[in-house]
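Notes follow once the structure below has been shown.
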Amino acid sequence: MTDRPFSRFRNPRRRDLLKAGLASPIWAMSVAGDATADSLGAFQTEVVDLDLADRIRSRIVKTRCYIPVGAGRRPVIIFSHGFGGSSEAFPNTCRAWASQGHVVLVPTHSDSITAQDADSGQRRRMIIQSVIAARRSAAEGRQRQFRRSNAEAVDRGASLTDMLEDPKYLSSRLEDVAFLKAALTDPRLGLDARVLAVADPLRMGMAGHSYGAYTTLVIGGAELSPQPQAPVPKGFLGHLAISGQGPGRMALTESSFRSMTGPLFAATGTEDFGAAEETPPWRLTAFHKSPPGHKYAAVLKGFRHMDFDPSPTDPEHGAQGEAFRALQMAFWKATLRGDNSGFARLNQVARGSRVTDPVWFRSR
Numbered sequence: 180m181t182d183r184p185f186s187r188f189r190n191p192r193r194r195d196l197l198k199a200g201l202a203s204p205i206w207a208m209s210v211a212g213d214a215t216a217d218s219l220g221a222f223q224t225e226v227v228d229l230d231l232a233d234r235i236r237s238r239i240v241k242t243r244c245y246i247p248v249g250a251g252r253r254p255v256i257i258f259s260h261g262f263g264g265s266s267e268a269f270p271n272t273c274r275a276w277a278s279q280g281h282v283v284l285v286p287t288h289s290d291s292i293t294a295q296d297a298d299s300g301q302r303r304r305m306i307i308q309s310v311i312a313a314r315r316s317a318a319e320g321r322q323r324q325f326r327r328s329n330a331e332a333v334d335r336g337a338s339l340t341d342m343l344e345d346p347k348y349l350s351s352r353l354e355d356v357a358f359l360k361a362a363l364t365d366p367r368l369g370l371d372a373r374v375l376a377v378a379d380p381l382r383m384g385m386a387g388h389s390y391g392a393y394t395t396l397v398i399g400g401a402e403l404s405p406q407p408q409a410p411v412p413k414g415f416l417g418h419l420a421i422s423g424q425g426p427g428r429m430a431l432t433e434s435s436f437r438s439m440t441g442p443l444f445a446a447t448g449t450e451d452f453g454a455a456e457e458t459p460p461w462r463l464t465a466f467h468k469s470p471p472g473h474k475y476a477a478v479l480k481g482f483r484h485m486d487f488d489p490s491p492t493d494p495e496h497g498a499q500g501e502a503f504r505a506l507q508m509a510f511w512k513a514t515l516r517g518d519n520s521g522f523a524r525l526n527q528v529a530r531g532s533r534v535t536d537p538v539w540f541r542s543r
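Heads up: the sequence shown at position 35 corresponds to 214 in the working numbering, and the numbers run straight through without jumps.
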């Protein structure tokens with residue numbers, strides 16, 4: 180199935196879905212029903228913010244830890260935020276994962292506008308201004324964005340696009356992830372005893388949004404040309420890339436994804452356009468061009484670039500967000516817990532999903 184139906188979508192609000200009879204299609208009721216039970220799991224969640232000292236790099240890695248209380252040894256998920264973001268990213272999703280018995284670690288990367296060791300002076304101001312402009316553009320959605328002249332759209336995204344091409348930011352992120360992996364097995368690196376008591380470093384998943392999805396794709400095996408300047412951390416059992424990247428940017432080529440042999444869950448929205456007007460189908464290239472087998476893709480109708488962590492009570496996107504999180508839970512169940520019923524559930528949903536669904540889901 181091609182991605183041509185993207186052109187037929189428009190931004191749906193709940194009243195539009197109700198008029199069309201799509202607010203609760205049969206498949207979505209089933210998935211959302213699972214989400215109601217699963218995304219608010221059995222474990223209470225403790226949130227701890229840490230300043231971890233990476234002495235080799237003379238860098239403080241601020242990290243938010245979501246800890247399932249009384250869970251015993253549990254899988255670990257590292258979540259990588261978007262460019263300019265911080266460890267405060269995706270709180271609804273991270274809490275949901277933790278409540279299901281996953282330890283979630285969210286580092287603040289060096290490109291964050293909140294980081295003490297981010298670029299200073301004019302370069303740092305450029306990061307802040309570019310991120311704000313890009314987020315504003317993403318929040319406006321497709322119709323308003325495409326009413327601007329091409330020159331204006333390119334001007335607003337150009338400086339951020341240039342920074343995203345700088346390999347030092349990816350290298351720093353890869354080193355952050357490697358540091359957290361090491362900290363899970365070395366108490367001297369500063370992880371809280373409550374994290375070390377429950378985290379199982381042999382069962383780890385990698386996830387991220389936007390530039391964090393790019394980080395996730397590289398860790399998941401996507402080959403860059405030229406290669407990253409820092410070693411790529413290994414040993415992750417599943418990879419979730421939300422609003423990721425395709426070829427032609429950031430050293431990704433048409434053949435980059437052929438080496439992604441492990442489980443992959445890629446996601447985008449019908450209004451998920453990027454800093455240089457990248458398209459939603461482009462964001463699913465890894466799904467289409469990686470080897471088949473435990474590859475999944477979700478397209479959330481009406482979702483823009485910053486919409487993927489809605490509160491369950493959000494009147495516009497809450498139900499879709501819960502359905503999306505239910506699919507994530509099934510993916511982690513299969514990849515991190517070794518329970519193949521998770522894969523069976525994902526494949527079942529994919530067989531029944533249609534392009535007109537609020538969450539269009541596919542597998543290959």
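Quick reminder that beta carbons are idealized off the backbone N, C-alpha and C, glycines included.
Values in this document were obtained by computation on a predicted structure and should not be read as measured data.
Expected contact under 8 Å - CB spacing of residue i and residue j to nearest Å
i	j	result
Ala392	Gly425	So it is not a contact: roughly 11 Å between Cβ atoms.
Gly261	Ala268	7 Å
Leu443	Phe466	7 Å
Leu463	Thr449	Incorrect: roughly 12 Å between the Cβ atoms, too far for contact.
Arg428	Lys468	At roughly 15 Å, the Cβ-Cβ gap does not stay under 8 Å, so Arg428 and Lys468 are not in contact.
Ala455	Thr293	That pair is no contact at about 25 Å.
Whole-angstrom distance between residue j and residue i, CA atom to CA atom
i	j	result
Asp536	Lys480	8 Å
Ala232	Leu370	10 Å
Trp276	Met508	7 Å
Ile421	Lys360	21 Å
Ser404	Thr458	22 Å
Gly200	Pro471	Here the model assigns Gly200 a pLDDT of 29, short of 50, so the residue's position is not dependable, and the following value carries that caveat. Distance between the alpha carbons of Gly200 and Pro471: 33 Å.
Arg533	Arg352	36 Å
Gly400	Leu349	14 Å
Arg543	His388	22 Å
Glu402	Ser259	19 Å
Gln527	Arg541	10 Å
Ala362	Leu368	5 Å
Phe503	His418	15 Å
Arg398	Thr272	Looking at the sequence shown, residue 398 is not Arg but Ile. Distance between the alpha carbons of Ile398 and Thr272: 21 Å.
Glu501	Gly453	24 Å
Glu225	Val374	10 Å
Tyr390	Pro407	15 Å
Phe222	Pro270	16 Å
Ala153	Arg238	Past the boundaries of the shown model lies residue 153; the chain is included only from 180 to 543, so the question cannot be answered.
His496	Gly220	20 Å
Pro494	Ser520	31 Å
Thr440	Pro491	33 Å
Trp539	Phe522	17 Å
Ala505	Gln499	10 Å
Residue i in three-state terms, based on DSSP
i	result
Val374	helix
Thr449	strand
Arg543	coil
Gly264	coil
Lys468	helix
Ile415	Position check: residue 415 holds Phe in this sequence, whereas Ile was assumed. Here Phe415 sits in coil by DSSP.
Ile235	coil
Ala529	helix
Ser425	It should be noted that the sequence gives Gly, not Ser, for residue 425. Reduced to three states, the DSSP call for Gly425 is coil.
Gly497	helix
Gly391	helix
Gly220	coil
Phe482	strand
Glu344	coil
Ser350	helix
Thr458	coil
Gly521	helix
Thr287	coil
Arg437	helix
Thr242	strand
Arg253	strand
Leu403	coil
Proximity test, Cβ basis, 9 Å: residue i and chain B
i	result
Glu501	You won't find chain B in this structure, because it holds only one protein chain.
Cβ pair residue i, residue j closer than 9 Å
i	j	result
Ser265	Ser289	no
Ala357	Pro410	yes
Arg382	Arg274	no
His484	Thr514	no
Val255	Ala378	yes
Trp511	Gln279	yes
Ile257	Ala445	no
Val240	Asp230	yes
Arg236	Glu354	yes
Pro380	Thr394	no
(request) Evaluate contact between the segment 277-286 and the segment 234-250, counting only Cβ atoms and requiring at least three cross-stretch pairs below 8 Å. (result) yes
(request) Check whether the segment 473-489 touches the segment 344-354, counting contact only when three or more Cβ pairs, one atom from each stretch, lie closer than 8 Å. (result) no
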